[in-house]
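Below is one structure, written out as structure tokens, with a few remarks after it.
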Amino acid sequence: FTNQKLVGGNPSGIVNMNTVRHQWAVTIFNKMWSQFWQPQFVDMSPDKSSVDQLTKHELEAHYNTISFLAFMDSFQQNNLPNLFEYCTSPMVKSCGSVQEAFEAMHTQAYQYSIEATVPVHMRDSIYNRWKDNPLLKHRIQTMTAIADKFKSDPTFENYYVVLVMNYILEGKYFYQGFNYYDQLSHRGKLTGTSKQIDYIRRDELSHMGLFIHKIKELGVDDELISKMFMWAFKEEEKWNHAVYGDNILGMSKKSQTQYGKWLCNDRLSRLGI
108 FTNQKLVGGN
118 PSGIVNMNTV
128 RHQWAVTIFN
138 KMWSQFWQPQ
148 FVDMSPDKSS
158 VDQLTKHELE
168 AHYNTISFLA
178 FMDSFQQNNL
188 PNLFEYCTSP
198 MVKSCGSVQE
208 AFEAMHTQAY
218 QYSIEATVPV
228 HMRDSIYNRW
238 KDNPLLKHRI
248 QTMTAIADKF
258 KSDPTFENYY
268 VVLVMNYILE
278 GKYFYQGFNY
288 YDQLSHRGKL
298 TGTSKQIDYI
308 RRDELSHMGL
318 FIHKIKELGV
328 DDELISKMFM
338 WAFKEEEKWN
348 HAVYGDNILG
358 MSKKSQTQYG
368 KWLCNDRLSR
378 LGI
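Quick note on my numbering: the sequence shown kicks off at 108 and runs consecutively.
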């Protein structure tokens, strides 16, 4: 098992699934594949009509939310190979390959939502929205800056930080965007997008598990992780209050803050903090 260390090992390159050091990776690998789904089989026709029922605030929030989600899943698809290249456990790297494929599938799901709800002439602007929206650009850069730092300086310390940031992304940043579509769906709006989100959220739980195990394997730094979560909470709160505020039925600034705190506490507790 010495050549199957999470980092710093000397693997042969062969993925031996009979002799595995990290059995938790086998469980996650099988779990991810057992949940395989395809976005093209989700009926998006209800969204084509219900999008016209959105209020002005709901429509703008939809554009901002779907833009953020599409960007970050695209980012994950491109960033994960950098993370798993540093990993020397063959089974854990195999999990990374599956996750990368699922992130590509998530971007496809967002594509179908955009096709159903955004006029043709506006679709490219949804993907490029971060360029013209300073708040969205800043929110994205809270993740990309950490990933870029590790890519340019792949030390163990930077690797650990980017693992924690990925856990925050998978376990927190995505979830309040998901909550927005839950609220719309409860009122019969964008139910197709919400169904896609249901499948994506199920995948994120598996992805969270992968990062939880990796962080635990390397040792839980309570102080560093708590500081990163507090920082991420404040960044997320600014975004949620600006994008949703008190303008969406079922959501308020108070409830968004409460939910954000709950997410942080739940995710920290999974690490034993």
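Every residue gets a Cβ at the ideal spot worked out from N, C-alpha and C, and that includes glycine.
Computed from a predicted model, the values in this text were never measured in an experiment.
Going by alpha carbons, who is nearest to residue i out of the options?
{"i": "A216", "options": "N186, D150 and Q130", "result": "D150"}
{"i": "K302", "options": "Q183, S141 and Q147", "result": "Q147"}
{"i": "T172", "options": "V225, V133 and F318", "result": "V225"}
{"i": "A252", "options": "G295, V268 and N240", "result": "V268"}
{"i": "D159", "options": "N117, S313, A223 and A211", "result": "A223"}
{"i": "F336", "options": "L312, K368, K163 and K345", "result": "K368"}
{"i": "K341", "options": "L176, L370, G379 and I355", "result": "L370"}
{"i": "H164", "options": "D239, N354 and F318", "result": "N354"}
{"i": "Q111", "options": "D328, S201, N185 and M179", "result": "S201"}
{"i": "N347", "options": "R377, L242, T214 and S292", "result": "L242"}
{"i": "N123", "options": "H213, M198, A339 and I380", "result": "M198"}
{"i": "Q206", "options": "P118, T249, H169 and I135", "result": "I135"}
{"i": "K361", "options": "S376, K345, Q142 and R374", "result": "K345"}
{"i": "R236", "options": "F178, F263 and L187", "result": "F178"}
{"i": "D95", "options": "N185, Q184, D305 and R377", "result": "Only positions 108 to 380 of the chain appear in this structure, which leaves residue 95 out of reach."}
{"i": "V114", "options": "Y306, F263 and G379", "result": "F263"}
{"i": "H169", "options": "R230, K138 and G116", "result": "R230"}
{"i": "L375", "options": "I332, R128 and N186", "result": "I332"}
{"i": "F182", "options": "T249, S292, I304 and H293", "result": "T249"}
{"i": "E343", "options": "K279, H293 and F143", "result": "K279"}
Would you please state the rounded distance, in angstroms, between the beta carbons of residue i and residue j? I believe it to be under 8 Å.
{"i": "Y287", "j": "Y351", "result": "6 Å"}
{"i": "I322", "j": "Y274", "result": "6 Å"}
{"i": "Q363", "j": "Q283", "result": "7 Å"}
{"i": "D154", "j": "T300", "result": "6 Å"}
{"i": "E277", "j": "H314", "result": "5 Å"}
{"i": "F285", "j": "R308", "result": "5 Å"}
{"i": "I221", "j": "I233", "result": "6 Å"}
{"i": "S119", "j": "K296", "result": "Contact doesn't hold; Cβ gap of about 53 Å is too wide."}
Is it right to say residue i is buried, meaning 16 or more other beta carbons lie within 10 angstroms of its own, or is it exposed?
{"i": "F281", "result": "buried"}
{"i": "E192", "result": "exposed"}
{"i": "N372", "result": "exposed"}
{"i": "M272", "result": "buried"}
{"i": "A211", "result": "exposed"}
{"i": "Q290", "result": "buried"}
{"i": "W140", "result": "exposed"}
{"i": "H213", "result": "buried"}
{"i": "S196", "result": "buried"}
{"i": "N137", "result": "exposed"}
{"i": "G379", "result": "exposed"}
{"i": "N185", "result": "exposed"}
Using the C-alpha atoms, what's the distance from residue j back to residue i?
{"i": "P261", "j": "C194", "result": "12 Å"}
{"i": "A349", "j": "I121", "result": "49 Å"}
{"i": "H245", "j": "Y219", "result": "26 Å"}
{"i": "G316", "j": "H228", "result": "39 Å"}
{"i": "L325", "j": "L176", "result": "29 Å"}
{"i": "F318", "j": "L270", "result": "7 Å"}
{"i": "F257", "j": "N189", "result": "9 Å"}
{"i": "W131", "j": "L161", "result": "43 Å"}
{"i": "G357", "j": "T298", "result": "16 Å"}
{"i": "N125", "j": "V133", "result": "10 Å"}
{"i": "A339", "j": "G116", "result": "32 Å"}
{"i": "A254", "j": "S359", "result": "32 Å"}
{"i": "H129", "j": "K238", "result": "41 Å"}
{"i": "F143", "j": "S174", "result": "24 Å"}
Closer than 7 Å, CB to CB, is residue i near chain D or not?
{"i": "A132", "result": "Of the chains in the structure shown, none is chain D; there is only one protein chain."}
**Message:** Report the start-end ranges of each alpha helix (DSSP H) in the segment 304-336 that is 4 residues or longer and not cut off at the edges.
**Reply:** none
**Asked** What are the uninterrupted segments assigned as alpha helix (DSSP H) that are 4 or more residues long and contained completely in the segment 161-192, given in chain order?
**Response** none
**Request:** Entirely within the segment 220-280 and at least 4 residues each: give me those alpha helix (DSSP H) ranges in chain order.
**Result:** 230-234, 236-239, 241-259 and 263-275
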